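Colleague:
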Amino acid sequence: MAKYLLLLLGIPLFALSPVACAQDNYEIQVYDSEALGKGVTMVEIHSNFTVDGEKQVVNGVAPSNHAMHETLEITHGWTNWFETGFYVFSSIQPDDGWNWVGDHIRPRITAPESWHLPVGLSLSQEIGYQRRKFSEDSWNYEIRPIIDKKLGRWYFAFNPALDRALHGLNVGRGWEFSPNVKASFDFTKKITGGFEYYGALGPLSNFDPISHQSQQIFPTIDLNLSPKWEFNFGAGVDVTNSGDHLIVKCIVGRRFTWGREHKSGLGGR
């Protein structure tokens, strides 16, 4: 039954005419395939500071240089294979104080362990609004397949995300390809180090020239202090110099269990 429900939930949303670019530095995260589990709520704070970014207003969008982006993410697991996330984006501008940016909602389905797949498999979709002052597109949509694998002390994840502007300057660009990749190694039971890659390559029909693409690489550290807590820290550069050049990011998360917890997947969100 779960298999058919996954298909019914996934196909209709994929058929929508659906985000803008590479998470826009509000949520910088490569997703793993594991669902939270039934009755589990995850509260996360994403803090991203742009050390060296855009210093001018471009196409009506506020500068990102020295801006702190704070995102509240609340995710709840309804079943062992279905969860919904809700985001509140905000930006602290050097000369403009704290501003609400927008909100997104993200339903996600995950292949149950009972399928015995050789890799973790999940499908996330995200739709939302952001104020025109902070984005060229006020409405956008993303569909994100998630594939991952744990091999001993190594972990690998691939998110070949497709996004599309629904309203704004980039509607005519159609579907765009924004791949994310993570490779990490458990140095100890508590410390994991690795690299995360975030790309925004342009329309599927005709990728942007490399000089206009965004390709960010983040060396990262994950601290595995408790099953209830999540901590991720990284500093990233844009190797093509077309986006924000240097960003420092931090994710702190806490799991809360309501009733009996049911786990599914590889472990770690």
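Just so we're aligned: 1399 in this note's numbering is position 57 of the sequence shown, and the numbers increase by one with no gaps anywhere.
Each residue gets a CB set at the ideal place from its N, CA and C atoms; glycine is no exception.
In this text the structure is predicted, and so the values were computed from the model without any measurement.
1) Could you give the C-beta distance for D1580 and S1553, rounded to a whole number, given that I count them as a contact under 8 Å?
2) Around the C-beta of Q1472, are 16 or more other C-beta atoms found within 10 angstroms, so that it is buried, or is it exposed?
3) Measuring alpha carbon to alpha carbon, tell me which residue in W1571, K1524, R1450 and W1481 is nearest D1366.
4) Could you say which of E1478, R1448, I1488 and V1430 lies nearest to L1463 if we only look at CA atoms?
5) Near G1516, which residues of its chain fall below 8 Å by C-beta distance, leaving aside the five closest residues on each side in sequence?
6) Between which residues of its own chain and F1529 is the CB-CB distance below 7 Å, once the five residues before and five after are set aside?
7) Which runs of the beta strand (DSSP E) spanning at least 3 residues fall entirely within the segment 1468-1515, listed in chain order?
8) For D1479, does the count of other Cβ atoms within 10 angstroms reach 16, so buried, or fall short, so exposed?
9) If the criterion is Cβ atoms closer than 7 Å, does the pair A1542 and S1520 meet it?
10) Quick check for students: name the residue ranges of the beta strand (DSSP E) that lie wholly in the segment 1379-1461, counting only runs of 3 or more.
11) For the candidate residues Y1483, V1523 and V1513, whose alpha-carbon lies nearest to that of P1502?
12) Less than 6 Å between C-beta atoms, sequence neighbours within five positions excluded: which residues of the same chain meet that for C1592?
13) Using the beta-carbon count (16 or more within 10 Å), is S1568 buried or exposed?
14) Which residue wins for smallest C-alpha separation from N1583, given the options H1418, R1495, I1559 and A1404?
15) Excluding the 5 residues preceding and the 5 following C1363 in the sequence, name in chain order all residues of the same chain whose CB lies nearer than 6 Å to its CB.
16) Name the two residues that bound the continuous beta strand (DSSP E) containing T1534.
17) Thinking W1420 and K1380 are a contact (beta carbons under 8 Å), I'd like their distance in whole angstroms, please.
18) Rounded to the nearest angstrom, how far is the Cβ of D1374 from that of D1445, given a contact under 8 Å?
19) What did DSSP end up calling N1574 once you bin it into helix, strand or coil?
20) If you draw a straight line from the alpha carbon of Y1429 to that of I1447, how long is it in whole angstroms?
21) If I measure Cβ to Cβ from F1391 and keep anything under 6 Å in the same chain, skipping five residues before and after, which residues do I get?
22) Do A1377 and E1425 have their CB atoms nearer than 7 Å?
23) Going by DSSP, which residues form a beta bridge with S1520?
24) Drop a sphere of 10 angstroms on the beta-carbon of R1495, count the other beta-carbons inside from all chains shown, and report buried for 16 or more, exposed for fewer.
25) Are the CB atoms of V1393 and E1538 nearer to each other than 7 Å?
Modeller: Well, looking at it:
1) In the sequence shown, residue 1580 corresponds to position 238, counting from 1. In the sequence shown, residue 1553 corresponds to position 211, counting from 1. Contact doesn't hold; Cβ gap of about 11 Å is too wide.
2) As a position in the sequence shown, residue 1472 is number 130, starting the count at 1. Its Cβ being crowded by 16 or more others within 10 Å, Q1472 is buried.
3) The residue you call residue 1366 lines up with position 24 of the sequence shown. Comparing alpha-carbon positions, the option among W1571, K1524, R1450 and W1481 lying closest to D1366 turns out to be W1481.
4) Locating residue 1463 in the sequence shown gives position 121, counting from the first residue. Nearest in C-alpha terms to L1463, of all of E1478, R1448, I1488 and V1430, is I1488.
5) One-based indexing of the sequence shown puts residue 1516 at position 174. Excluding sequence neighbours, G1516 sits near R1506, P1545, L1546 and S1547.
6) In the sequence shown, residue 1529 corresponds to position 187, counting from 1. G1535, listed in sequence order.
7) The qualifying runs are 1479-1493 and 1496-1510.
8) Taking the first residue of the sequence shown as 1, we reach residue 1479 at position 137. Buried.
9) Counted from its first residue, the sequence shown places residue 1542 at position 200. Counted from its first residue, the sequence shown places residue 1520 at position 178. For the pair A1542 and S1520, the CB atoms are nearer than the 7 Å cut-off.
10) Listed in chain order, they are 1382-1394, 1410-1419, 1424-1435 and 1439-1452.
11) Residue numbering aside, residue 1502 sits at position 160 when the sequence shown is read from its first letter. Of Y1483, V1523 and V1513, the residue nearest in Cα terms is V1523.
12) Mapped onto the sequence shown, residue 1592 falls at position 250. Taken in chain order, the residues that qualify are S1389 and F1575.
13) Position 226 of the sequence shown, counted from the first residue, corresponds to residue 1568. Burial call: exposed.
14) As a working note, residue 1583 is residue 241 in the sequence shown. When each option's Cα is compared against that of N1583, the closest is I1559.
15) For the purposes of this step, residue 1363 is identified with residue 21 of the sequence shown, where counting begins at 1. For C1363, the predicted model reports a pLDDT of 41, less than 50, meaning its position is unreliable; a value from the coordinates is still stated below. So the qualifying residues of the chain are A1542.
16) Looking up residue 1534 in the sequence shown gives position 192. According to the DSSP assignment, T1534 belongs to the beta strand (DSSP E) that extends over I1533 to A1542.
17) For the purposes of this step, residue 1420 is identified with residue 78 of the sequence shown, where counting begins at 1. For the purposes of this step, residue 1380 is identified with residue 38 of the sequence shown, where counting begins at 1. In this structure, W1420 and K1380 form a Cβ contact; the two beta carbons are roughly 7 Å apart against a cut-off of 8 Å.
18) Sequence index remark: in the sequence shown, residue 1374 carries index 32 (1-based). Sequence index remark: in the sequence shown, residue 1445 carries index 103 (1-based). Cβ-Cβ separation between D1374 and D1445: approximately 24 Å, too far for a contact (criterion under 8 Å).
19) For this step, residue 1574 is matched to residue 232 along the sequence shown. If DSSP states are grouped into helix, strand and coil, N1574 belongs with the strands.
20) Locating residue 1429 in the sequence shown gives position 87, counting from the first residue. Locating residue 1447 in the sequence shown gives position 105, counting from the first residue. So the alpha carbons of these two residues sit roughly 6 Å apart.
21) Residue mapping note: residue 1391 aligns to position 49 of the sequence shown, counting from 1. Shown here for F1391: same chain residues with a beta carbon closer than 6 Å to its own, the five before and five after excluded, namely M1410 and V1590 in chain order.
22) Numbered from 1 along the sequence shown, position 35 holds the residue referred to as residue 1377. Numbered from 1 along the sequence shown, position 83 holds the residue referred to as residue 1425. The criterion of a C-beta distance shorter than 7 Å is satisfied by A1377 and E1425.
23) Residue 1520 sits at position 178 when you count from the first residue of the sequence shown. S1520 pairs with A1503.
24) Within the sequence shown, the letter at position 153 stands for residue 1495. So R1495 counts as exposed.
25) For the purposes of this step, residue 1393 is taken as the residue at position 51 of the sequence shown. For the purposes of this step, residue 1538 is taken as the residue at position 196 of the sequence shown. No; because the gap between Cβ atoms is not below 7 Å, this pair is not in contact.
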